[in-house]
Amino acid sequence: MSEEGIPEIRGFRSSAMVWLAHRFFILKRGMTLGVRAACFDAEGRIFLVRHTYVAGWYMPGGGMERHETALAALRKELREEGNLEICGEPELFHVYYNRNTSRRDHVLFYRVTVEQIAPRMPDIEIAESGFFALDALPKDATVATRSRIKELSGESEKSDYW
Numbered sequence: 001m002s003e004e005g006i007p008e009i010r011g012f013r014s015s016a017m018v019w020l021a022h023r024f025f026i027l028k029r030g031m032t033l034g035v036r037a038a039c040f041d042a043e044g045r046i047f048l049v050r051h052t053y054v055a056g057w058y059m060p061g062g063g064m065e066r067h068e069t070a071l072a073a074l075r076k077e078l079r080e081e082g083n084l085e086i087c088g089e090p091e092l093f094h095v096y097y098n099r100n101t102s103r104r105d106h107v108l109f110y111r112v113t114v115e116q117i118a119p120r121m122p123d124i125e126i127a128e129s130g131f132f133a134l135d136a137l138p139k140d141a142t143v144a145t146r147s148r149i150k151e152l153s154g155e156s157e158k159s160d161y162w
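Just so we're aligned, residue 1 is where the sequence shown starts under UniProt numbering, counting upward by one.
Following this line, the structure appears as structure tokens:
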């Protein structure tokens, strides 16, 4: 077996077919993709945010833009929502279908160790944020937030639905 392999897409015909197929997929089965992370500090506390436009406490994250890799989107969202820098390698924990948002949304969920480089001040998007001990979560942490934490700790099995 060759170690090098061959390019997945090569030549005009392959490129044209892939281009056409993706145009069809946009119309037929377009989907959105986002990233979210369970961000733990050195003390084992988890970072949560409370947005100004929806109720409850969430793990930070957001949608991926065109031409953006998942890890670039993750780094961007953690920086924007919490002034967080990732320490080490992010661990992809699971991929979820987020049917609560739309019929076409999926979430890449990561577990990361982070360091907060500066306090995150409230603004038009983030009302409040902070690190919380796992046994002292805010009372209005969302069902999804609590479910993901239980999955991370092994208290419950991974769901395929956010």
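Backbone N, C-alpha and C define an ideal beta-carbon position, used for all residues, glycine too.
Which partner residues of residue i appear in the DSSP bridge assignment?
i: residue 57; result: 50, 141
i: residue 129; result: 49
i: residue 86; result: 114
Around the C-beta of residue i, are 16 or more other C-beta atoms found within 10 angstroms, so that it is buried, or is it exposed?
i: residue 110; result: buried
i: residue 73; result: buried
i: residue 153; result: exposed
i: residue 161; result: exposed
i: residue 30; result: exposed
i: residue 57; result: buried
i: residue 144; result: buried
i: residue 122; result: exposed
Consult DSSP for residue i and reduce its assignment to one of helix, strand or coil.
i: residue 15; result: helix
i: residue 157; result: coil
i: residue 103; result: coil
i: residue 120; result: coil
i: residue 70; result: helix
i: residue 78; result: helix
i: residue 65; result: coil
i: residue 91; result: strand
i: residue 134; result: coil
What whole-angstrom Cβ distance do residue i and residue j have, given they're in contact under 8 Å?
i: residue 61; j: residue 35; result: 5 Å
i: residue 32; j: residue 104; result: 6 Å
i: residue 64; j: residue 37; result: Contact flag wrong, Cβ pair sits at about 13 Å.
i: residue 114; j: residue 40; result: 7 Å
i: residue 118; j: residue 51; result: Their Cβ separation, rounded to whole angstroms, is 20 Å, which puts residue 118 and residue 51 out of contact at 8 Å.
i: residue 116; j: residue 71; result: The Cβ separation is near 19 Å, so there is no contact.
i: residue 92; j: residue 86; result: About 13 Å; that fails the 8 Å criterion.
i: residue 82; j: residue 120; result: 5 Å
Quick check: does the Cβ of residue i come within less than 7 Å of any heavy atom belonging to the ligand GDP?
i: residue 148; result: Annotation note on the ligand GDP: not contained in the displayed structure, which lists no ligands.
Shorter than 8 Å from the beta carbon of residue i to some beta carbon of chain B?
i: residue 137; result: Going by chain labels, chain B is absent from the structure shown, which holds only one protein chain.
(Q) Is it the case that the segment 127-135 contacts the segment 33-52, given that we only count it when at least three CB pairs across the two stretches are under 8 Å? (A) yes
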